[in-house]
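Participant: As you go down the protein sequences, you meet chains A and B in turn.
For the first sequence, our numbering gives the first residue as 28, with consecutive numbering after it.
For the second sequence, our numbering gives the first residue as 28, with consecutive numbering after it.
Yeah, the Cβ is synthetic: ideal placement off N, Cα and C, and Gly gets one too.
Please read all numbers here as calculations on a predicted model, not as lab measurements.
Protein chains: 2
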Amino acid sequence: MPGAVLAPTSAPGYPAHVRIHEVGPRDGLQNEPATLPPDVKAEFIHRLAAAGLTTIEATSFVHPRWVPQLADAEQVFPLVRDLTGVRLPVLVPNERGLERALAHGAREVAVFASATESFARANLNRTVDESLTMFTPVVARSLDAGVPVRGYLSMCFGDPWEGDVPVTQVVRVARRLSDLGCAELSLGDTIGVATPGRVAELLNALAAAGIPADRLAVHFHDTYGQALANTLTALRHGVTTVDASAGGLGGCPYAKSATGNLATEDLLWMLNGLGISTGVDLERLVATSLWLARRLGRPSPSRTVRALSHQEPRE
Amino acid sequence: MPGAVLAPTSAPGYPAHVRIHEVGPRDGLQNEPATLPPDVKAEFIHRLAAAGLTTIEATSFVHPRWVPQLADAEQVFPLVRDLTGVRLPVLVPNERGLERALAHGAREVAVFASATESFARANLNRTVDESLTMFTPVVARSLDAGVPVRGYLSMCFGDPWEGDVPVTQVVRVARRLSDLGCAELSLGDTIGVATPGRVAELLNALAAAGIPADRLAVHFHDTYGQALANTLTALRHGVTTVDASAGGLGGCPYAKSATGNLATEDLLWMLNGLGISTGVDLERLVATSLWLARRLGRPSPSRTVRALSHQEPRE
Numbered sequence: 028m029p030g031a032v033l034a035p036t037s038a039p040g041y042p043a044h045v046r047i048h049e050v051g052p053r054d055g056l057q058n059e060p061a062t063l064p065p066d067v068k069a070e071f072i073h074r075l076a077a078a079g080l081t082t083i084e085a086t087s088f089v090h091p092r093w094v095p096q097l098a099d100a101e102q103v104f105p106l107v108r109d110l111t112g113v114r115l116p117v118l119v120p121n122e123r124g125l126e127r128a129l130a131h132g133a134r135e136v137a138v139f140a141s142a143t144e145s146f147a148r149a150n151l152n153r154t155v156d157e158s159l160t161m162f163t164p165v166v167a168r169s170l171d172a173g174v175p176v177r178g179y180l181s182m183c184f185g186d187p188w189e190g191d192v193p194v195t196q197v198v199r200v201a202r203r204l205s206d207l208g209c210a211e212l213s214l215g216d217t218i219g220v221a222t223p224g225r226v227a228e229l230l231n232a233l234a235a236a237g238i239p240a241d242r243l244a245v246h247f248h249d250t251y252g253q254a255l256a257n258t259l260t261a262l263r264h265g266v267t268t269v270d271a272s273a274g275g276l277g278g279c280p281y282a283k284s285a286t287g288n289l290a291t292e293d294l295l296w297m298l299n300g301l302g303i304s305t306g307v308d309l310e311r312l313v314a315t316s317l318w319l320a321r322r323l324g325r326p327s328p329s330r331t332v333r334a335l336s337h338q339e340p341r342e
Numbered sequence: 028m029p030g031a032v033l034a035p036t037s038a039p040g041y042p043a044h045v046r047i048h049e050v051g052p053r054d055g056l057q058n059e060p061a062t063l064p065p066d067v068k069a070e071f072i073h074r075l076a077a078a079g080l081t082t083i084e085a086t087s088f089v090h091p092r093w094v095p096q097l098a099d100a101e102q103v104f105p106l107v108r109d110l111t112g113v114r115l116p117v118l119v120p121n122e123r124g125l126e127r128a129l130a131h132g133a134r135e136v137a138v139f140a141s142a143t144e145s146f147a148r149a150n151l152n153r154t155v156d157e158s159l160t161m162f163t164p165v166v167a168r169s170l171d172a173g174v175p176v177r178g179y180l181s182m183c184f185g186d187p188w189e190g191d192v193p194v195t196q197v198v199r200v201a202r203r204l205s206d207l208g209c210a211e212l213s214l215g216d217t218i219g220v221a222t223p224g225r226v227a228e229l230l231n232a233l234a235a236a237g238i239p240a241d242r243l244a245v246h247f248h249d250t251y252g253q254a255l256a257n258t259l260t261a262l263r264h265g266v267t268t269v270d271a272s273a274g275g276l277g278g279c280p281y282a283k284s285a286t287g288n289l290a291t292e293d294l295l296w297m298l299n300g301l302g303i304s305t306g307v308d309l310e311r312l313v314a315t316s317l318w319l320a321r322r323l324g325r326p327s328p329s330r331t332v333r334a335l336s337h338q339e340p341r342e
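(1) Check whether chain A comes within 7 Å of Y251/B, counting only Cβ atoms and requiring the distance to be less than that.
(2) Which residue marks the beginning of the beta strand (DSSP E) containing L180/B, and which one marks its end?
(3) Under the assumption that A128/B contacts V138/B (Cβ atoms under 8 Å), give the Cβ distance between them as a whole number of angstroms.
(4) A110/B to E70/B, Cα distance in whole Å?
(5) With distance defined between alpha-carbon atoms, name the residue in N152/B, L335/B, R321/B nearest to P346/A.
(6) Mind checking if T36/B is an interface residue toward chain A, Cβ cutoff 7 Å exclusive?
(7) Check each candidate in Q196/A, T154/A, C209/A, A273/A and name the one with the smallest Cα separation from T163/A.
(8) Output the distance between the C-alpha atoms of L56/A and E49/A, rounded to the nearest integer angstrom.
(9) Report buried or exposed for W93/B, applying the criterion of at least 16 other Cβ atoms within 10 angstroms of its Cβ.
(10) What does DSSP give as the partner residue(s) for R46/B in the beta ladder?
(11) Would W93/B pass as an interface residue toward chain A - the criterion being a Cβ-Cβ separation below 7 Å?
(12) Enumerate in chain order the residues of its own chain whose CB-to-CB distance from A76/A is below 7 Å, with the five nearest sequence positions on each side excluded.
(13) Have a look at V362/B and R123/B and give me their C-alpha separation to the nearest angstrom.
(14) Using a 10 Å radius around the Cβ and a threshold of 16 neighbouring Cβ atoms, would you call N152/A buried or exposed?
(15) How about T67/B and F88/B: are their beta carbons less than 7 Å apart?
(16) With A128/A as the anchor, note down where its alpha helix (DSSP H) starts and where it stops.
(17) Determine the direct distance from the alpha carbon of A61/A to that of L323/A, and round the result to whole angstroms.
(18) Since M161/A meets chain B, which of its residues come closer than 7 Å, beta carbon to beta carbon?
(19) Kindly provide the ranges of any beta strand (DSSP E) runs that are 3 or more residues long and lie completely inside the region 181 to 218 of chain A, ordered along the chain.
(20) Is the number of C-beta pairs between the region 299 to 312 of chain A and the region 229 to 236 of chain B that are closer than 8 Å three or more?
(21) Between which residues of its own chain and S329/A is the CB-CB distance below 6 Å, once the five residues before and five after are set aside?
(22) Contact between the region 166 to 176 of chain B and the region 215 to 226 of chain B is defined here as three or more beta-carbon pairs at a separation below 8 Å; is this criterion met?
(23) What residues in its chain sit with their C-beta under 6 Å from that of R399/A, if we drop five residues either side in the sequence?
(24) Verify the CB distance criterion: does L301/A have a CB-CB separation below 7 Å to chain B?
(25) Could you tell me the boundaries of the alpha helix (DSSP H) in which L233/A lies?
(26) Give a yes or no on whether the minimum CB-CB distance between Y281/A and chain B is below 7 Å.
(27) For D293/A, go through chain B and note every residue whose CB falls closer than 8 Å to its CB, in chain order.
(28) Can you find the residues in the same chain that come closer than 7 Å, C-beta to C-beta, to S37/B, ignoring five residues on each side of it along the sequence?
(29) Kindly indicate if chain A contains any beta-carbon less than 7 Å away from that of G224/B.
(30) CB-CB under 7 Å to Q196/B, same chain, minus the five flanking residues each way: which ones, in chain order?
(31) Would you kindly check if the distance between the Cβ of R53/A and the Cβ of T86/A is under 7 Å?
(32) Interface residues of chain A around W296/B at Cβ under 9 Å?
(33) In the DSSP output, what is F104/A paired with across the bridge?
(34) With a threshold of 7 Å between beta carbons, is T331/A in contact with chain B?
(35) Out of G178/A, V198/A, E101/A, R203/A, state which residue places its alpha-carbon closest to the alpha-carbon of H246/A.
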């Protein structure tokens with residue numbers, strides 16, 4: 028029957044569809060030593076969209092002093108904002124950032140909170156509660172403007188200063204972000220220490236606290252190689268939005284501390300194998316990551332990008 | 028109560044204990060470009076044992092012409108065979124190899140079969156059935172000598188020439204190896220293409236064919252970054268023996284085709300996080316992999332080794 032929706036053919040216990048929230052242009056480039064010119068960043072976003080990604084975090088309207096790699100947000104965003112069929116959230120640190128984002132046509136924004144006091148202090152120079160107070164008018168004004176807000180929650184599992192982060196602490200901040208009006212919460216394992224049992228525990232606790240999996244995204248880092256196993260666990264718990272970074276951008280394999288984002292291609296290899304649809308074309312995505320790697324002057328840390336760009340039978 | 032067995036504290040749905048079958052000295056070093064002297068290899072095995080590994084595949088009694096990196100089996104094995112409390116299986120390709128292994132005191136051996144005709148032809152220069160015929164007296168003579176045999180089954184998921192490998196084909200060869208008398212079967216994803224749904228499907232089919240998870244080991248490669256997610260799936264299906272290679276040995280990140288073994292440290296990070304006991308000390312294992320990496324003149328591809336050897340809080 029023409030136009031009929033095909034029955035899901037995903038593996039038992041997994042969702043039929045996953046939305047990939049591509050963070051390469053923002054979280055990825057923010058953590059790369061090299062800085063690219065605005066037109067190359069815009070071309071990167073256009074290529075990601077052409078590969079089928081439907082949510083691409085485009086940039087951050089943070090003060091240029093704090094994130095010099097993204098100081099060109101006002102140049103980049105106008106070059107991509109007219110892409111059709113693509114959601115282009117931008118990070119906003121505060122009301123001033125939100126004003127700039129809205130003035131440049133942003134239709135989705137994200138705020139960046141911390142589950143731990145140490146990281147709130149180090150990254151936001153505030154206590155957790157002070158940062159939530161700062162976000163309150165940001166979220167309210169966004170919603171007034173009809174702009175949905177994603178809440179990033181970092182350090183959900185471990186913190187470099189505090190060690191293991193108690194689940195109750197994460198649930199408390201998650202509830203606060205939810206109460207502020209964040210439509211979606213992205214649970215970040217900022218230092219990459221999480222393992223699947225902790226992921227299951229947190230997702231169960233959030234569901235019990237009234238934040239079900241369909242309002243959550245997961246954001247894992249591959250610092251200890253755990254990102255995909257953790258993502259698999261989240262999928263089994265009903266999460267269908269996964270953050271990933273094209274080519275593993277932001278996790279340079281030659282940097283002293285490789286704190287890489289999960290590579291979108293490694294994620295896609297698993298989702299394709301599980302029969303989970305994403306709408307993303309792996310081959311075009313790999314070509315995009317190779318194109319960008321040449322511009323960055325270093326190979327992609329994604330294992331799938333490397334494997335597919337050197338295909339040869341193994342003896 | 029003194030001596031009482033503690034209740035398992037592993038995460039729900041996972042085994043309480045996993046035995047790591049360390050393949051670094053054999054499968055790892057076999058695939059490294061550099062060749063180490065016998066005394067360094069022996070010291071490597073001693074260090075692995077001191078880190079708590081209880082099964083260490085020590086070497087291969089293959090003809091030196093085929094695997095020059097392991098041509099020193101007769102020098103290495105006598106230097107390690109008296110290690111107490113450690114199982115030290117060795118690979119034997121045929122009866123001649125078995126004779127040499129037994130003459131040098133091997134108390135466990137392994138044979139290496141293929142699930143596909145193409146790889147049997149490329150690797151063993153035989154059809155699958157001819158290779159099983161060749162293994163028949165090897166297994167029989169081993170068992171006569173009181174020496175248990177592990178059967179490796181390679182290309183269980185994908186094959187570089189044949190693509191996806193049908194589950195029925197893998198089950199057929201697995202049954203044959205089992206009927207020959209192999210006590211344990213190690214399911215190899217030799218080219219690293221497997222994803223969790225395929226792993227579940229194969230384990231279910233093997234269980235239905237009378238080969239339960241407690242007779243199986245899994246042997247995943249990280250070529251596409253899938254090894255740990257696949258291992259997690261196997262653990263949920265009751266598999267409690269996992270092959271891994273210290274430091275990710277055998278998967279050089281700078282080689283054109285990075286077909287790396289799962290790094291024992293990355294596995295251990297996940298198992299520790301899940302509360303699954305292994306008896307292995309992660310810190311000592313990382314120290315061993317760093318020691319070996321210096322001898323090989325290149326960094327370890329294990330993400331956990333890299334993270335733990337450059338620990339610093341992330342800004």
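Facilitator: Per the coordinate set shown:
(1) yes
(2) 176 to 181
(3) Rounded, the Cβ-Cβ distance is 11 Å, inconsistent with contact.
(4) Residue 110/B is actually Leu in this sequence, not Ala. Between L110/B and E70/B, the C-alpha separation is close to 11 Å.
(5) This structure cannot settle anything about residue 346/A, because the visible part of chain A is limited to 28 through 342.
(6) no
(7) C209/A
(8) 12 Å
(9) exposed
(10) T268/B
(11) no
(12) I83, L110, V113
(13) Examination of residue 362/B is not possible in this model, given that chain B is present from 28 through 342 alone.
(14) exposed
(15) Thr is not the amino acid found at residue 67/B; the sequence shown has Val there. No; because the gap between Cβ atoms is not below 7 Å, this pair is not in contact.
(16) 122 to 130
(17) 6 Å
(18) Ordered by position in chain B, no residue passes the 7 Å Cβ test against M161/A, which lies about 20 Å from the chain.
(19) 211 to 215
(20) no
(21) G274, G275, A290, E292, D293
(22) no
(23) Any property of residue 399/A remains undetermined from this structure, which presents chain A solely from 28 to 342.
(24) yes
(25) 223 to 235
(26) With a pLDDT of only 47 at Y281/A, under the threshold of 50, the placement of this residue in the model should not be trusted; the figure read from the coordinates follows. Closer than 7 Å: no.
(27) Y251, G252, Q253
(28) A43, L301, G302, I303
(29) yes
(30) A142
(31) yes
(32) V220, T222, Y251, G252, Q253
(33) Answer is none; F104/A lacks a bridge partner.
(34) yes
(35) G178/A
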